[in-house]
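What follows is a single structure, written as structure tokens, with notes after it.
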Amino acid sequence: MRNLHILEVKLGRTHNPRDIREKDRMKAFGYVSAKDLEHAIALLGEHGARAKILAGGTDLLVELKHATHDPEVIVDVSRLRELKTIAVADDGLHIGALATHSDIMNSPVIRDMFPALVAAAHSIGAMQTRNLGTLGGNLVTCVPSMDSGPALIALDASVTVASAEGWRRMPLAELFVGPRKTSLKPGDLLVDIIIPKENLGKPAAFEKFGLRKGQALALVNVGASFWVGDNSVFVAPRIALGAVAPTVIRAPKAEAFLDGCKISAEAMAEAGRIAALEAKPISDFRASADYRRDLVAVLVKRALANAQARATTKEKELVA
Amino acid sequence: MTDVTMIVNGQVRGASVPPETTLLQLLRDSFNLTGAKLGCDVGDCGTCTVIVDGQAVNSCLMLAGQADGRQVLTIEGLASRDRLHPIQTAFENSGALQCGFCGPGVLLSAKALLDENLHPSTQEIRDALSGNLCRCTGYTKMIEAVQDAARLLREESRSQLTHARTEATAP
Amino acid sequence: MNEHSRVLERDELEIAELRSPDVDLRLPAVVPREPFPIEPLTVDARQQTRAVGQRATRPDGRLHGLGQTKYIDDLSFPGMLYARIKRAGIASARIKHIDTSAAETMPGVMAVLIGKEIPTNSFGPTFQDQPVLADPIVRHAGDGVAAVAAVTEQIANEALAKIVVEYEPLPAVLDPVAAMREDSPQVHAPNSNIYATKVVRKGNIEKGFAESDRIFEARFSTQMIEHVSLEPHAAIADWDANGRLTIWATIGRITLARSDIARTLKLPMSRIRIIGTIVGGNFGGKNEISQEPTLALLSKKTGRPVKGVFTRGEEFIATTTRHPIIMDYKTGVSNKGRILARQIRLVLDGGAYCSWSATTLGKACILSPGPYKIDNVLAEAFVVYTNKTMTGAMRGFGAPQVCFAYESQMDDIAKALGIDPLEIRLLNAFDEGSSSPTGQVLHSVVIKESLRKAADRFGWEPRS
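Chains as they are written, first to last, in the working numbering: chain A, 322 to 641; chain B, 571 to 741; chain C, 63 to 526.
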């Protein structure tokens with residue numbers, strides 16, 4: 322009966338006739354296509370809050386059809402090839418914000434160094450949406466269950482943002498403010514995502530649980546990474562949890578427990594239990610908070626185990 | 571209005587449409603290519619799937635302007651005047667479509683897969699088709715049909731190779 | 063060549079024809095007809111006819127693969143307009159006032175329609191309790207209250223937003239069990255919310271329970287399910303100068319549709335032509351009219367063909383769904399697992415309008431005891447109005463829900479008694495000549511053979 326109560330409350334709130342908007346077809350808007358990065362930044366500076374950025378469109382067009390936004394102008398940046406490159410530079414691995422999830426899955430350097438990012442990209446939507454959707458778009462849409470966030474947070478990623486006022490860099494975690502809310506201002510354009518040099522090749526893993534095996538939102542997702550230190554201990558462990566808080570969060574108590582601890586299945590399970598208590602999930606029609614907490618414990622354990630498996634494989638490759 | 575020009579099924583096509591026109595609307599309303607369908611309009615069902623520059627995409631999630639200057643393949647471009655594409659033959663022989671509404675999208679997703687991989691495993695086929703929903707069939711025969719199509723395409727490429735060699739060595 | 067071999071040749075030829083698609087552009091030859099037999103043929107259920115087990119190529123497979131199949135949304139006519147329907151967005155209300163003036167004066171809007179303009183504003187396959195457009199009572203959030211026809215769908219959409227409707231909210235009832243109470247808000251006042259009932263009685267239920275060693279009671283419930291046919295509901299309406307209406311529709315039952323349209327439009331059936339097109343999935347959801355009278359009237363007002371295609375959102379809130387059923391089962395069994403008595407109460411959530419609920423009720427009630435030999439049965443079923451989406455026909459028509467209940471309880475009983483779930487079913491299942499809960503003597507009963515064969519095929523290990 323409690324579920325019925327929730328249903329009734331929801332119906333009472335959302336079925337107020339004033340709240341039903343005529344949706345499913347887009348209203349008219351102005352459209353400009355940016356020729357290059359400079360042009361894009363200029364356009365965004367010019368239109369400011371009146372504009373929305375079109376990258377892959379897999380989220381924006383849905384929002385426009387559901388009349389969540391009525392922007393005056395759409396600035397199409399999807400043709401900026403310079404924002405699609407994936408390459409290692411002096412300061413680390415740079416992934417262009419317009420790299421699609423398919424680009425990430427197929428990138429030789431990411432497949433070699435970060436199978437976790439491949440797994441995360443592969444878990445998003447389906448082939449058609451992965452061919453369109455971009456990493457930058459996924460991060461900037463900023464839903465709590467975003468699949469690209471946890472593994473990148475676990476790898477201490479940072480982002481570069483460009484605007485007419487200049488360029489700046491910040492830790493990825495500072496990008497996320499709340500559900501569908503980032504720290505970007507009108508006129509800002511996310512340009513790339515960097516995994517720092519010291520983390521190149523760091524064993525990492527991504528785990529996701531959804532109600533289906535494809536085209537599913539995560540009920541919970543987890544990113545984890547650690548180095549295998551001398552005497553087989555966890556070094557620099559990172560655990561990131563998604564869909565259990567307003568944004569992707571770290572699990573600092575679980576990390577502190579693992580730091581310097583001997584690597585074992587028991588330690589991983591314990592870290593999972595601690596992380597589950599650090600999660601702040603809600604109950605909704607997809608799952609209860611309790612169920613999500615259970616999932617955190619299991620997925621953290623699995624992610625740590627998978628990261629370890631990758632560490633072992635890498636060692637073997639290096640030795641061979 | 572946005573002016574768009576693109577190559578659709580090998581032909582140059584152009585139109586002048588309001589900017590909020592999706593590629594799906596452009597294909598169906600402006601170019602009369604009604605094979606791609608409107609099933610949900612939000613990229614969940616896959617009935618709008620077409621191939622743009624070699625990649626399967628949801629045409630309901632692309633603005634017409636984004637396809638400007640690109641190559642688009644729709645279901646209408648699979649068969650030639652003289653023959654069905656092996657994917658179409660395989661689906662027909664397997665009885666893999668019932669009401670047929672999901673068909674164009676599924677066949678194009680299959681084509682995108684087989685263009686990259688002529689030896690797909692069952693899991694790879696499932697992955698490639700996971701963006702296409704079907705309420706009639708339960709997908710089993712579709713997977714068979716894709717495997718069958720892969721076989722037909724492999725045979726075709728083998729015989730083309732033999733043919734080319736034969737031609738090369740002919741006096 | 064004798065008679066026998068000629069017959070064989072013809073049979074084999076038919077099978078070969080079945081297998082190959084029609085590659086010839088000429089029309090297929092008409093199959094020679096058998097003279098009508100003087101004696102009725104009783105086919106033994108177990109005898110395979112030659113066609114069974116053969117693979118035949120679907121004739122529509124060629125068109126589907128080419129993308130040539132024309133569904134409603136693929137059809138267009140010169141001058142065609144696009145219609146959209148404004149949905150109430152409130153579960154229970156009285157419409158105090160509708161102001162369509164802002165929509166009517168929008169450039170591109172060619173006509174607007176409200177419920178008052180419908181000649182007979184009621185339809186339905188069983189009871190004619192559903193309005194074409196609500197007037198003045200809204201009974202669920204997906205009820206249509208107004209419609210527009212415009213030169214583009216985008217304009218029609220924007221016009222809907224300009225239609226101003228003033229509602230007086232009324233109390234709503236959302237739970238079917240609560241809706242059965244006398245003091246519950248009445249969805250179709252002054253009638254009771256319980257709009258159909260069915261009772262199946264067999265034997266003596268009290269005696270059955272008295273003789274049982276154990277009694278199991280449980281409540282099972284299922285949820286509302288939407289067909290989600292890939293093709294949304296769609297139709298096109300057009301009139302000719304002779305006053306004849308043509309409707310292209312996705313409807314599966316076009317004769318029923320025609321009589322409902324004749325009734326709502328007060329038009330003789332001879333003036334209505336319905337063209338049922340290839341449907342992109344029906345599953346029961348497209349078995350009655352929905353927007354067709356609306357489109358017809360918009361077409362009449364404008365003198366142009368009018369097409370309406372539901373959005374995916376409308377598919378969920380404004381088309382029929384599968385009945386949620388709350389099922390109370392009380393089953394008396396012997397210690398060996400033999401069912402001696404079964405008492406069932408079914409409450410079907412009947413949604414805002416009847417649609418095919420009466421049929422669903424009947425099926426669910428008759429099938430609710432399950433395919434088991436039970437001498438004492440009392441099944442009481444009610445279908446109840448609620449202020450929710452209409453519930454109607456969907457594959458199974460009431461059978462899947464009760465199957466979930468009785469099979470779940472069978473497993474519960476098996477577990478409690480320590481009996482193998484397969485064995486308990488074999489103990490109770492129908493045999494040839496068993497009689498159904500309604501007294502029908504059953505033939506061609508193969509349930510036990512099927513269960514055993516299936517168990518064998520997937521390697522069921524008996525456990526106790």
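C-beta atoms are modelled at their ideal positions from N, C-alpha and C, and glycine is treated no differently.
Looking at the C-beta of residue i, does it have a partner C-beta in chain A at a distance below 7 Å?
i	result
Glu-590 (chain B)	yes
Gly-613 (chain B)	yes
Ser-727 (chain B)	no
Val-578 (chain B)	no
Ala-585 (chain B)	no
Thr-619 (chain B)	yes
Can you say whether residue i is buried or exposed, counting buried as having 16 or more other CB atoms within 10 angstroms of its CB?
i	result
Arg-631 (chain A)	buried
Pro-589 (chain B)	buried
Met-172 (chain C)	buried
Glu-279 (chain C)	exposed
His-289 (chain C)	buried
Gln-629 (chain A)	buried
Ser-586 (chain B)	exposed
Ser-361 (chain C)	buried
Asp-391 (chain A)	exposed
Ala-618 (chain A)	buried
Thr-732 (chain B)	exposed
Phe-520 (chain C)	exposed
Met-571 (chain B)	exposed
Phe-578 (chain A)	buried
Glu-576 (chain A)	buried
Arg-643 (chain A)	Since the first residue shown for chain A is 322 and the last is 641, residue 643 (chain A) is missing from the structure and cannot be characterised.
His-689 (chain B)	exposed
Arg-614 (chain A)	buried
How about residue i and residue j: do their beta carbons lie closer than 7 Å?
i	j	result
Gly-127 (chain C)	Gln-658 (chain B)	yes
Asn-255 (chain C)	Val-446 (chain C)	yes
Ala-376 (chain A)	Gly-458 (chain A)	yes
Thr-356 (chain C)	Arg-335 (chain C)	no
Asp-411 (chain C)	Thr-364 (chain C)	no
Phe-271 (chain C)	Ala-476 (chain C)	no
Ile-577 (chain B)	Gly-129 (chain C)	no
Ala-525 (chain A)	Ala-437 (chain A)	yes
Ala-467 (chain C)	Phe-282 (chain C)	yes
Ala-426 (chain C)	Leu-440 (chain C)	no
Gln-641 (chain B)	Ser-399 (chain A)	no
Thr-119 (chain C)	Ile-340 (chain C)	no
Taking CB distances under 7 Å as the criterion, tell me whether residue i reaches chain B.
i	result
Met-448 (chain A)	yes
Gly-550 (chain A)	no
Leu-319 (chain A)	Given that chain A is displayed from residue 322 to residue 641, the structure contains no residue 319 (chain A) and the question cannot be resolved.
Thr-462 (chain A)	no
Val-290 (chain C)	yes
Thr-364 (chain C)	no
Arg-342 (chain A)	Residue confidence is low: Arg-342 (chain A) scores 44 on pLDDT, short of 50, so the model does not pin down where it sits. No coordinate-derived value is stated.
Arg-124 (chain C)	yes
Leu-128 (chain C)	yes
Thr-383 (chain C)	no
Tyr-612 (chain A)	no
Within the 7 Å Cβ cut-off, does residue i reach chain C?
i	result
Glu-706 (chain B)	With the sequence shown as reference, residue 706 (chain B) is identified as Cys, and Glu is not the correct amino acid for it. Answer yes: the Cβ-Cβ gap between Cys-706 (chain B) and chain C drops below 7 Å somewhere.
Ala-715 (chain B)	no
Pro-674 (chain B)	yes
**Message:** Would you call the stretch 352-365 of chain A in contact with the stretch 592-603 of chain B, where contact means no fewer than 3 C-beta pairs closer than 8 Å?
**Reply:** Proximity of the stretch 352-365 of chain A to the stretch 592-603 of chain B falls short of the contact definition, fewer than three beta-carbon pairs being nearer than 8 Å.
**Message:** Check whether the stretch 213-222 of chain C and the stretch 418-434 of chain C are in contact - that is, three or more C-beta pairs closer than 8 Å.
**Reply:** Note that the stretch 213-222 of chain C does not touch the stretch 418-434 of chain C; fewer than 3 beta-carbon pairs, one per stretch, sit closer than 8 Å.
**Request:** Would you be able to state if there are at least three C-beta pairs under 8 Å between the stretch 501-514 of chain A and the stretch 522-539 of chain A?
**Result:** The stretch 522-539 of chain A is not in contact with the stretch 501-514 of chain A.
**Request:** Take every Cβ of the stretch 484-492 of chain C, pair it with every Cβ of the stretch 381-391 of chain C, and state whether three or more of those distances are shorter than 8 Å.
**Result:** Look at the beta carbons and you see the stretch 484-492 of chain C not touching the stretch 381-391 of chain C: under three pairs across the two are nearer than 8 Å.
**Unbroken stretches of the alpha helix (DSSP H), 4 residues or longer, contained in the stretch 395-451 of chain A** = List check, alpha helix (DSSP H) in window: 422-427, 429-434 and 436-443.
**Stretch-stretch touch, CB-based, cutoff 8 Å, three pairs: the stretch 226-240 of chain C with the stretch 144-156 of chain C** = Taking a cut-off of 8 Å on C-beta distances, the stretch 226-240 of chain C touches the stretch 144-156 of chain C, as three or more cross pairs fall below it.
**Asked** Is there contact here, the stretch 662-669 of chain B with the stretch 140-149 of chain C, by at least three beta-carbon pairs under 8 Å?
**Response** No, because fewer than three Cβ pairs between the stretch 662-669 of chain B and the stretch 140-149 of chain C fall closer than 8 Å, the two stretches do not touch.
**Prompt:** So, do the stretch 295-302 of chain C and the stretch 451-465 of chain C have three or more beta carbon pairs nearer to each other than 8 Å?
**Reply:** These segments do not touch.
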